[in-house]
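Asker:
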Amino acid sequence: MPTLLLAGAGPRLGGAIARRFARDGYDVALLSEHEGSVTALGEALQAEGITTGWAVADVGDSEALRAAVTRFGEHTGSVDVLVHNVSVWREASTLDLSPCDLLADVHAGAASLLTSARAAVPFMPSGGAVIATGSAAADFPSPGAPTLGVQKAALRALVQAMAPDYAERGIHCATVTINGVLGTPGFEPERIADVYADVAAEPRDSWRTVIPFPL
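Note that my numbering has the sequence shown beginning at 4, numbered continuously upward.
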């Protein structure tokens with residue numbers, strides 16, 4: 004069975020992505036720094052008959068994240084799709100925001116993709132995919148939460164930089180840019196999750212790197 008590894012496994016979009024890939028025959032591995040929510044999601048998926056494992060790891064801790072991804076890869080034998088569904092919400096004014104806080108958020112929200120992807124590559128077959136959750140905040144940052152826009156702009160640039168390198172190994176790198184508020188009409192998690200599944204299934208001659216939602 005192919006395996007989906009979902010980093011940043013929250014109950015809404017993360018849960019929808021897990022269920023959507025399970026419909027396509029994937030086993031599911033969940034990573035989150037929030038023990039209560041990842042356990043609840045994992046148990047709910049198991050109750051639905053979905054083969055699911057989970058672990059607690061702080062995506063801001065590169066060594067812990069690398070180790071968690073490696074353990075999943077060694078246990079399952081493959082990581083066919085890696086979904087990076089991570090962001091940090093920090094309410095602040097740029098008048099008060101420290102460079103250290105900005106860099107910490109960018110590390111967790113964007114640079115951690117590099118850690119998890121590099122750890123997953125040894126277990127990822129040709130035809131695998133790395134998909135990151137983007138946001139309109141990359142182009143329209145919120146003045147009340149400025150680090151989110153910086154995270155998402157950095158994430159998009161990182162995915163674009165990774166795409167040709169990973170393509171040499173037969174791995175598709177992409178980011179889905181959500182141009183709206185999750186859970187509002189037209190932005191239901193299930194509809195967005197369908198896009199992730201479509202991206203993972205794209206034939207190589209149709210690979211896209213930056214995919215807006217809605218299209």
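A virtual CB, placed ideally from N, CA and C, is assigned to each residue, including glycine.
Here the structure is a predicted model, which is why all the values come from computation and not from measurement.
So for Ala132, helix, strand or coil by DSSP?
Answerer: Residue state, collapsed to three classes: strand.
Asker: Cα separation between Ser90 and Asp208?
Answerer: 30 Å
Asker: Can you name, in chain order, every residue of its own chain whose Cβ lies under 7 Å from the Cβ of Gly137, other than the five neighbours on each side?
Answerer: Lys155, Leu158, Arg159, Thr178, Val179, Thr180, Ile181
Asker: I'd like to know if the stretch 144 to 152 and the stretch 101 to 113 are in contact, where contact means that at least 3 CB-CB pairs between them fall below 8 Å.
Answerer: yes
Asker: So Leu98 is in the beta strand (DSSP E); what residue range does that whole segment cover?
Answerer: First-last for Leu98: undefined, no H or E at that position.
Asker: Out of Leu185, Ser81, Leu116, which one is the CA nearest neighbour of Leu68?
Answerer: Residue nearest to Leu68 within the set Leu185, Ser81, Leu116 is Leu116 (criterion: CA-CA distance).
Asker: Please work out which residues of its chain come closer than 6 Å, Cβ to Cβ, to Leu7, disregarding the five sequence neighbours upstream and downstream, and give them in chain order.
Answerer: Phe24, Tyr29, Val31, Val84
Asker: Report yes if the C-beta distance between Pro14 and Leu34 is below 7 Å; otherwise report no.
Answerer: With respect to Leu34, Pro14 sits apart: the two C-beta atoms are not nearer than 7 Å.
Asker: Alpha carbon to alpha carbon, how far is Thr79 from Ala107?
Answerer: 31 Å
Asker: Going straight from the alpha carbon of Trp210 to that of Ala132, what length do you get?
Answerer: 10 Å
Asker: Would you check if the distance between the CB atom of Cys176 and the CB atom of Val162 is smaller than 7 Å?
Answerer: yes
Asker: Using only the alpha-carbon positions, how far apart do Ala95 and Pro102 sit?
Answerer: Approximately 12 Å between the Cα atoms of the pair.
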